[in-house]
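*Asks:* Everything in the sequence shown is counted per UniProt numbering, starting at 1 for the first residue and increasing by one.
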Amino acid sequence: LYCSIHKFVCLQRFKRGSAVAYDSDKWPNGRIPYVLSPGYTSYQRAVIASAIDGYNSKTCIRFVPKEANDRDYIVISKLDGCYADFARVGGPQQVSLADECITYATIIHEFMHVIGFIHEHQREDRDLFVTIIWNNVMPGANTDFEKISARGLSYYGEKYDYFSIMHYEATEGSRNGRNTLEAKQIGYTHLMGKSTEFAQSDLNRINRAYNCPNYNSFFQFF
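#1: Quick check on the burial criterion: 16 or more other C-beta atoms within 10 angstroms. Buried or exposed for residue 220?
#2: Between which two residues does the beta strand (DSSP E) containing residue 106 stretch?
#3: Is the Cβ-Cβ distance between residue 33 and residue 73 less than 8 Å?
#4: Let me know the secondary structure DSSP gives residue 133 once reduced to three states.
#5: Please go through the same chain and pick out, in chain order, the residues whose beta-carbon is closer than 8 Å to the beta-carbon of residue 195, but skip the five residues on each side of it.
#6: Name the residue from 56, 103, 86, 191 whose alpha carbon lies nearest to the alpha carbon of residue 113.
#7: Could you tell me which of 108, 142, 126 sits nearest to residue 158, measuring between CA atoms?
#8: Please report the straight-line C-alpha distance between residue 122 and residue 183, rounded to a whole angstrom.
#9: Could you give the residue range of the alpha helix (DSSP H) that holds residue 89?
#10: Once you ignore the five residues that flank residue 56 on each side, which residues in its own chain have a CB closer than 8 Å to its CB?
#11: Which residue from 25, 170, 37, 81 puts its Cα closest to that of residue 130?
#12: Excluding five sequence neighbours on each side, which residues of the same chain lie with their C-beta closer than 6 Å to the C-beta of residue 93?
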């Protein structure tokens with residue numbers, strides 16, 4: 001099972017019930033209870049805490065320790081790579097953060113799947129911005145490069161963003177080390193997927209999707 005050190009979602013682990021979470025699949029009030037595996041070192045726990053703080057300080061999403069009466073929650077543990085169940089699926093759901101996944105960028109990327117966001121390069125309009133080099137995509141990884149229909153989906157007014165934390169790097173999922181993704185805008189191929197922090201577009205989408213009252217008052221929803 002392949003996962004890159006950075007952000008690649010392990011094959012066949014990304015639940016695809018819808019392209020972006022419907023309201024019924026979102027976390028009520030942006031509250032996401034979690035259980036953290038005891039298998040993490042103190043350093044790893046600090047990095048995870050930093051990613052959680054990133055959400056808590058820049059959005060109205062709140063990752064909180066699970067309470068006894070919480071029925072829907074995420075379990076953060078070291079399984080077999082970097083991946084997360086998509087949106088709220090009901091009951092306990094997995095977020096795998098193995099040792100190679102413990103970076104701030106990787107964790108906030110996986111948590112964006114948890115709250116209900118797809119990869120940037122899977123937008124239906126992506127062909128205007130990137131070219132997929134299918135011959136270089138590793139066997140079995142095609143689904144992670146397929147477009148997801150915009151029907152019932154909202155980009156929350158944001159244009160395609162090469163610097164989104166949800167964008168793959170040029171060689172992500174490669175079978176031979178060559179590019180699987182190339183930007184149509186000159187000079188962007190080796191920049192996309194390198195972000196180590198939320199892009200403003202990421203924050204805008206999160207805060208609009210969850211109607212964050214103190215964060216989206218200056219944004220026009222369209």
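Built from N, CA and C at the ideal position, the CB exists for glycine as well.
*Replies:* Working from what's here:
#1: Residue confidence for residue 220 is low, a pLDDT of 41 falling below 50, so the modelled location carries little weight; the figure read from the coordinates is stated next. Counting Cβ neighbours within 10 Å, residue 220 comes out exposed, since fewer than 16 surround it.
#2: Taken as a continuous stretch (DSSP letters only), residue 106 belongs to no beta strand (DSSP E), being part of the alpha helix (DSSP H) at 104-115.
#3: yes
#4: coil
#5: 105, 163, 164, 165, 167
#6: 86
#7: 126
#8: 14 Å
#9: Run containing residue 89: none; DSSP gives neither H nor E here.
#10: 62, 63
#11: 170
#12: 74, 85
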